[in-house]
Every structure is written in structure tokens, then in C-alpha cells.
DNA sequence: GTGACAATCTGTAACGTTTCAGTATATAGC
DNA sequence: GCTATATACTGAAACGTTACAGATTGTCAC
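Residue numbers (my numbering), protein chains in the order written: chain A, 196 to 544; chain B, 196 to 544.
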């Protein structure tokens with residue numbers, strides 16, 4: 196062992212985390228060879244490859260993220276960008292778990308990048324892109340003409356949107372079919388003999404507001420029911436506001452006998468408003484609501500529900516972003532989740 | 196300009212992200228000087244310091260995280276470790292926002308590290324520590340003798356726990372005073388004339404199970420009420436299980452006339468169980484429940500609630516971890532949040 | 001036996017940062 | 001006018017990784 200090798204030995208045998216240098220020393224190879232052996236490069240002998248990988252596994256070698264990131268620019272990070280005021284609560288937790296599930300056996304980490312009402316929604320995106328903090332981004336509250344999607348498309352950074360855009364640009368997305376939801380809800384209410392329907396829609400600026408309205412309108416004319424306008428509030432409004440507006444509406448002469456609600460929390464407010472007006476759910480009015488966890492039937496057993504699975508959405512979004520990062524065509528990474536049937540509550544035995 | 200400087204210029208004027216080298220070229224200083232000027236090192240002249248900082252701000256210099264991390268080992272990352280099965284939904288979203296709020300104007304990023312039922316809760320912690328992926332860790336579902344806290348304490352990695360431990364070891368935590376909650380709930384129910392109380396407690400393995408039980412027991416003897424045992428389920432059980440057990444309990448001869456519930460979702464199940472047994476809330480039985488968002492009163496207006504603010508918890512936990520990272524003594528980074536009064540619902544005008 | 005070529009392996013440089021060990025200049029002491 | 005010392009700055013090395021440009025073999029054609 197010459198002086199040079201001795202030095203290497205001294206360095207590599209340190210009890211810190213193993214690095215390529217450690218592996219190189221242990222196997223008697225150069226760091227370059229080790230590096231390539233670990234990533235199955237073609238110019239490495241089969242036996243050497245196996246030997247390196249065995250030793251690496253034995254001593255629990257894990258590539259240093261900072262080293263890789265500095266050298267290659269690859270962060271192995273997916274960022275989930277969330278609005279801290281308007282995001283649906285169960286959405287946040289479920290989508291995180293969905294994403295986690297998918298990236299669990301990849302080297303990716305999930306970072307959460309929040310922004311608040313006061314900020315331009317583009318701010319966090321700009322930050323991520325400018326600082327190169329993530330390989331891929333997931334955004335929600337998608338708009339028909341979404342500056343964030345446009346911005347990332349321009350910079351060529353992989354992303355996926357929860358909800359669709361409508362800019363004639365192609366990018367990965369996952370969406371719930373809110374057109375189908377609203378249409379099914381209308382049909383179900385019509386089937387119960389309801390004729391005057393009100394819709395508590397998503398906020399106008401989001402794409403699925405349009406989808407929801409379209410499904411609502413199309414099905415209304417299909418079944419020959421009519422709309423009672425209820426567009427002074429959206430599911431983004433406070434519980435109190437929705438409750439108050441609902442109560443007001445229900446005290447009018449011409450009041451709805453059916454409600455469709457795009458969010459579970461808002462449904463609580465609608466029901467409260469209905470009861471404030473002295474009316475009874477299931478008798479005077481029926482309500483169809485989306486929900487993401489099976490809790491509404493406990494609230495009022497008369498409620499009619501359609502489930503939206505955010506965990507699945509998170510998983511799909513993660514798959515889409517990873518797919519894009521992996522080189523797949525953005526157009527092939529789009530998915531739409533069909534709503535199940537409208538469910539009435541069945542009392543357990 | 197000599198050849199050497201020319202090279203520098205060429206490199207530094209590249210339109211990529213500005214680095215120290217860019218700043219060094221622009222200011223005519225060495226990278227070392229620039230680096231030190233930016234962190235207010237003492238041996239830099241006052242004017243130079245100002246000049247460098249001005250230029251840095253002008254061109255929007257941001258230190259490269261990978262560079263810093265590789266050189267110093269500092270990740271500027273806080274990891275929030277979450278159980279993907281048992282975490283309360285609102286807890287996840289609120290705590291994330293609370294943490295975000297605090298780290299917003301720091302260089303820290305928040306990464307979410309999930310683990311599932313099948314795993315040893317120590318796994319994600321080991322991963323974080325071994326790979327040096329975070330400067331600080333936040334864990335929840337804290338146990339009296341918590342191997343995760345012990346492990347991190349041994350390795351000297353800063354962390355904070357949501358909930359306390361009971362191992363005679365000192366570390367930062369934030370906790371809700373569940374002893375006070377249970378005691379107050381008992382007193383309130385006693386004040387309503389309720390005499391036979393049942394408690395739906397947190398799962399036994401968590402520290403606050405003990406706190407809750409102690410508060411419950413102490414207040415019971417204080418007010419001279421008695422306990423109806425209800426320990427076949429905890430708030431970790433499924434809605435269906437809790438509902439069924441509640442209904443069973445309420446059909447017994449000796450049944451509770453008061454319930455205390457440690458979680459809002461579980462309360463929905465308790466109420467359903469009560470009603471399954473043909474009894475009425477507010478008449479036959481009163482229920483005091485914790486909640487983290489103001490929704491329970493919409494569910495049944497007779498419900499009595501105590502609010503627990505998870506966003507605040509997230510903020511406190513983040514402050515604690517950052518404090519520890521910043522060198523503060525762990526013992527000074529502990530906080531306890533006192534429950535407010537038990538609230539009955541007041542109908543809005 | 002020579003040249004060509006493939007198959008394996010290797011050293012060096014670079015990513016951007018901080019730290020170490022200086023260097024150069026000015027100021028002060030005497 | 002000399003040294004000592006403080007002040008302000010600097011180059012080189014290192015963190016762990018990958019890419020580039022070789023280097024060393026052995027094999028084969030002829």
C-alpha cells in the first residue's frame with residue numbers, strides 16, 4: 196500500500212456516513228467506477244457491478260442528496276403548493292398521503308410550499324422555479340387561464356394540476372368529473388320529484404366552477420327542472436355566510452326543493468340554513484353533496500352524497516409529475532375521476 | 196483585465212442564477228469576501244459589506260441550498276413526521292399551516308415524512324437522522340416512553356413533540372392541556388346535573404391518554420360523579436365501531452348521562468350511537484367534545500365543545516424546533532395550551 | 001508481431017458554498 | 001526607520017457527486 200492509498204484508507208474508514216469514496220476504498224475501485232456501477236452503466240463489468248452493489252447494500256450506502264443536487268441540479272423534490280386559507284381540510288391531508296404513497300419507494304421527498312391570500316399565487320411558483328427547489332410541482336385551485344401553469348410550461352418545469360385549465364395548452368392534470376357529478380345530482384333529485392334546484396358552486400375563478408355549472412345546466416334541461424339561482428355565495432365563503440344566505444333563500448316564496456353542494460363543510464352550513472328557516476331535510480328539500488370522507492351521513496342521515504377521493508387524486512397527481520420528469524409526454528398524463536352513484540344512507544343493522 | 200479575470204467575467208456573466216462568483220465579479224472582490232460580507236462577518240469593512248449586500252439584493256442573489264448543505268451539512272429543512280392512518284385530518288392541514296407561518300421568513304423548507312401502520316414509527320426518524328435530511332423534526336402521537344424522542348435525543352438532533360413524554364428526559368414540546376380539558380368537561384356536565392359520565396379517550400399508548408384519564412378521574416371525585424367505563428374503544432377506532440359500542444352502552448340499564456369525547460370525528464359517531472339507542476342529545480345525555488374547527492355545533496346544536504387550535508400548535512412546535520436549532524436550551528422550549536371554556540351553542544340572530 | 005478495437009476501469013474537474021491559512025496594506029509604538 | 005499589530009481582503013481546499021477525457025488491458029485480424 197503506497198502513501199496515496201494509505202491516505203484514502205484513512206479518509207474512507209472514518210465512521211461517518213459511507214460515501215462513494217468509502218465504497219471505492221472497500222472495493223478497491225475508483226469512485227467513478229463505483230458511481231457508474233451503482234447506476235448500472237453499461238461499461239462496467241457484470242461482476243464488478245454486482246460486487247459494488249452488494250457492498251453498497253451491506254454498509255447501507257445512500258447517495259448524498261446535496262452532492263447529487265449540486266452536481267446535477269436534480270433535487271429529488273416534489274413540491275405541493277397550497278393555499279393556506281381556502282384549501283379544503285381533508286384535501287390537504289388526503290392529498291399529502293396520496294402523494295406520499297406514490298413517492299414512497301422513490302428517492303423523492305415532498306415539500307409543502309404554502310401561500311396566503313395576500314400573495315400572488317404565482318409567488319411560490321416563481322420562488323420554486325427561480326431557486327430550482329423542486330423537480331416537479333403540484334398545484335391546486337386551478338383556473339381556466341392559469342398563470343402558474345403557463346409560467347411553468349414556459350420554463351419547462353414538470354408539474355401537474357389538480358383540476359384542468361382551458362388555455363389550449365397541454366399539461367398533466369388530475370380532475371374529478373364535476374360535470375358528471377352535478378348532472379348526476381340533478382338527475383337524482385329529479386328522480387325524487389325535486390323540480391327547483393339550487394347549486395352551491397365552487398368559486399367562479401376556478402375551472403371546475405364552469406364544469407359544475409355546465410353539468411348542472413345540461414341536466415336541468417334534460418330532466419325539465421329549473422334553477423333557483425344561488426350564486427351570491429360559493430363553497431369558499433364562510434360557514435356563517437352560507438348558512439345565512441341559505442336561510443334567506445329558503446324563506447322566499449319560490450324556494451328550492453333541492454340543493455347540490457360542491458363541498459362537505461358547506462353542506463353543513465346549507466343544512467343549518469334550511470333548518471334555520473324551519474324546513475326539514477328529506478321532506479321539504481333534498482341535498483346532494485360531495486364529500487371526501489364518509490361523515491355526512493352521520494350529520495343528517497337524509498343527506499345524499501357522492502364521494503370524491505382526494506387520496507387517489509394525490510396519488511394520480513404524483514404519478515403524473517413523476518411521469519413527466521421521467522420523460523413521458525404531458526398529454527398522456529391526464530386523468531379524470533368519475534363520480535360514483537349518488538348514495539342515500541343505509542342504516543347499519 | 197488579464198486572462199484570469201477575463202475567464203471569471205465570462206463565467207460570471209452567464210445568465211444563470213447568480214452565485215457568489217457572480218457577486219464577486221460584479222463587486223470586484225473575492226468570493227470569500229463576498230461570502231463573509233453577506234453574513235455580516237466582523238473582518239469585512241463597513242462600506243464593502245453594504246456594497247455587497249446592495250448588489251446581492253439588486254440582482255436577487257439567493258444562496259444555493261445544495262452548496263450550503265454540502266459544505267456545512269445544514270439542510271435548512273424541518274421535517275414533519277406523520278402517521279398516514281391515524282392522524283386527525285384537520286390536524287394535518289392546520290399544523291402544516293402553523294409550521295409554514297413560522298418558517299415563512301426563514302430559509303427553512305417543510306418536508307412531510309409519512310409512515311404507515313405497518314412500519315416501525317422509528318423508521319422514518321432513523322431515515323431522517325441517518326441521511327441527515329433535516330435540521331429539525333416534529334413528531335406527533337407522542338408516547339410516555341417514546342423511542343423516537345429517545346433516539347433523537349441520543350443523536351443530538353433537534354426536535355419537538357406534539358404532546359409530552361414521561362421518561363425523565365427534557366425536550367421541547369407543545370401540548371394541549373388535556374387534563375384540564377377532561378376536568379372542565381366533567382365539571383360542566385356535573386353543573387348540568389349529569390352524574391354518570393363516560394369518556395371516549397385517546398388510544399392508551401399516547402401520553403395524553405393518561406392526562407385525559409387523570410383529569411377525568413380527579414374531577415369525577417371532586418364533583419362526586421361516577422364513571423361509566425367506556426374503554427373498549429378509543430378515538431382511533433373506526434366511526435362504525437365507536438357508533439356501535441356507544442349504542443350498546445346506551446341500551447344498558449346503567450347508562451351514562453354524559454359523554455366526554457377527545458375528538459370531533461369520534462363525537463359524530465357517539466351522537467349517532469346515542470340516537471341509534473333511541474335517546475336524545477341534551478335531554479337524555481349531554482356530550483362535551485374537543486373540536487379543532489367550529490363545525491360540531493352545526494352537527495347538533497346541543498353539543499358542548501372545547502376548541503383545540505392545531506394551527507397554534509404547529510406554530511409553537513416550529514418555534515420550538517427553530518429555537519433548539521438556534522441554540523436555546525430545550526427546557527425553555529416547552530409550552531402547554533390551556534383549553535378555553537366549555538361552549539354551548541348560541542344561535543346566531 | 002503489429003495495429004485496431006472493444007471492454008473496463010480511472011483521475012480530474014466542476015457544481016456553490018464555507019473555512020483555513022494566509023497576504024497586503026495601513027497604523028502605531030518606540 | 002524599523003518592527004509589531006490590526007484591518008481588510010484573498011486563494012485554495014473541501015463537502016459528495018457526475019461527466020469528460022483518458023488509460024490500461026486483452027483479443028483478434030492479418
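A virtual CB, placed ideally from N, CA and C, is assigned to each residue, including glycine.
Per-residue burial, residue i [other beta carbons within 10 Å of its own, 16 or more giving buried]
| i | result |
| --- | --- |
| residue 492(B) | buried |
| residue 426(B) | exposed |
| residue 431(B) | buried |
| residue 399(B) | exposed |
| residue 541(A) | exposed |
| residue 433(A) | exposed |
| residue 297(A) | buried |
| residue 261(B) | buried |
| residue 214(A) | buried |
| residue 254(B) | exposed |
| residue 287(A) | buried |
| residue 299(B) | exposed |
| residue 217(B) | buried |
| residue 401(B) | buried |
Contact check, residue i vs residue j, beta carbons under 8 angstroms
| i | j | result |
| --- | --- | --- |
| residue 335(B) | residue 408(B) | no |
| residue 343(A) | residue 320(A) | yes |
| residue 293(A) | residue 472(A) | no |
| residue 483(A) | residue 384(A) | yes |
| residue 450(A) | residue 420(A) | no |
| residue 485(A) | residue 460(A) | no |
Inter-residue spacing [alpha-carbon to alpha-carbon] between residue i and residue j
| i | j | result |
| --- | --- | --- |
| residue 489(A) | residue 241(A) | 53 angstroms |
| residue 527(B) | residue 354(B) | 13 angstroms |
| residue 508(A) | residue 239(B) | 53 angstroms |
| residue 375(B) | residue 532(B) | 10 angstroms |
| residue 612(A) | residue 251(A) | Residue 612(A) lies beyond the range of chain A shown here (196 to 544); nothing can be said about it. |
| residue 463(A) | residue 479(A) | 17 angstroms |
| residue 326(B) | residue 221(A) | 20 angstroms |
| residue 203(A) | residue 224(A) | For residue 203(A), the predicted model reports a pLDDT of 44, less than 50, meaning its position is unreliable and no value from the coordinates is stated. |
| residue 404(B) | residue 283(A) | 29 angstroms |
| residue 257(B) | residue 349(A) | 22 angstroms |
| residue 369(B) | residue 377(B) | 18 angstroms |
| residue 338(A) | residue 537(B) | 42 angstroms |
| residue 455(A) | residue 447(A) | 18 angstroms |
| residue 387(B) | residue 498(B) | 13 angstroms |
| residue 475(A) | residue 341(B) | 50 angstroms |
| residue 521(A) | residue 305(A) | 17 angstroms |
| residue 553(B) | residue 323(A) | Because chain B in this structure spans residues 196 to 544, residue 553(B) falls outside the shown range and cannot be described. |
| residue 442(B) | residue 535(A) | 30 angstroms |
| residue 593(A) | residue 371(A) | Chain A is shown only over 196 to 544; residue 593(A) falls outside these bounds and no answer can be derived. |
| residue 265(A) | residue 412(A) | 53 angstroms |
| residue 524(B) | residue 352(B) | 13 angstroms |
| residue 467(B) | residue 397(A) | 30 angstroms |
| residue 229(B) | residue 248(B) | 9 angstroms |
| residue 613(B) | residue 539(A) | Since the first residue of chain B shown is 196 and the last is 544, residue 613(B) is not available in this structure. |
Best match in the options for proximity to residue i [C-alpha to C-alpha]
| i | options | result |
| --- | --- | --- |
| residue 331(A) | 524(A), 518(A) and 538(A) | 518(A) |
| residue 272(B) | 244(A), 399(A) and 308(A) | 308(A) |
| residue 395(B) | 538(B), 351(B), 387(B) and 381(B) | 381(B) |
| residue 439(A) | 469(A), 414(A) and 412(A) | 469(A) |
| residue 379(A) | 365(A), 415(A) and 364(A) | 415(A) |
| residue 452(A) | 503(A), 459(A) and 423(A) | 423(A) |
| residue 295(B) | 505(B), 525(B) and 539(B) | 505(B) |
| residue 367(B) | 211(B), 361(B) and 516(B) | 516(B) |
| residue 328(A) | 392(A), 419(A), 267(A) and 402(A) | 267(A) |
| residue 315(B) | 269(B), 496(B), 301(B) and 279(B) | 279(B) |
| residue 511(B) | 217(B), 487(B), 333(B) and 285(B) | 333(B) |
To be precise: take each residue of the stretch 344-371 of chain B, compare its Cβ to all Cβ atoms of chain A, and keep it if any distance is under 7 angstroms. Which residues remain?
Per Cβ criterion, the list is empty.
Near-chain B residues of the stretch 295-314 of chain A (beta-carbon distance less than 7 angstroms), N- to C-terminal order
Cβ proximity to chain B below 7 angstroms picks out 295, 304, 305, 306, 307 and 309 from the stretch 295-314 of chain A.
In chain order, what residues of the stretch 459-481 of chain A put their CB closer than 8 angstroms to some CB of chain B?
Hits within the stretch, in order: 460, 463, 464, 466 and 467.
Output needed in chain order: residues of the stretch 282-295 of chain A with a Cβ under 9 angstroms from some Cβ in chain B.
Sequence-ordered contacts of the stretch 282-295 of chain A with chain B read 282, 283, 284, 285, 286, 287, 288, 289, 291, 292, 294 and 295 [C-beta pairs closer than 9 angstroms].
Mind checking the stretch 493-512 of chain A against chain B and listing, in chain order, the residues whose C-beta falls within less than 7 angstroms of any C-beta there?
Cβ contacts with chain B come from 493 and 494.
Residues in the stretch 262-273 of chain A with C-beta within 7 angstroms of chain B's C-beta atoms, listed in sequence order?
For the stretch 262-273 of chain A, which is checked against every Cβ of chain B, the residues closer than 7 angstroms are 262, 264 and 265.
Name the residues in the stretch 434-446 of chain B whose C-beta lies less than 9 angstroms from a C-beta of chain A; which are they?
Contacts with chain A (Cβ-Cβ distance below 9 angstroms) from the stretch 434-446 of chain B involve 434, 435, 438 and 439, listed in chain order.
Would you list, in chain order, the members of the stretch 238-265 of chain B that have their beta-carbon closer than 9 angstroms to a beta-carbon of chain A?
Residues of the stretch 238-265 of chain B with a C-beta atom less than 9 angstroms from some C-beta of chain A are 255, 257, 259, 260, 261, 262, 263, 264 and 265, listed in chain order.
Could you list the residues in the stretch 316-342 of chain A with a C-beta less than 8 angstroms from some C-beta on chain B, going in chain order?
Under the 8 angstroms Cβ criterion, the stretch 316-342 of chain A contributes 325, 326, 327 and 328.
Members of the stretch 212-233 of chain B near chain A, C-beta cut-off 9 angstroms
Those would be 212, in chain order.
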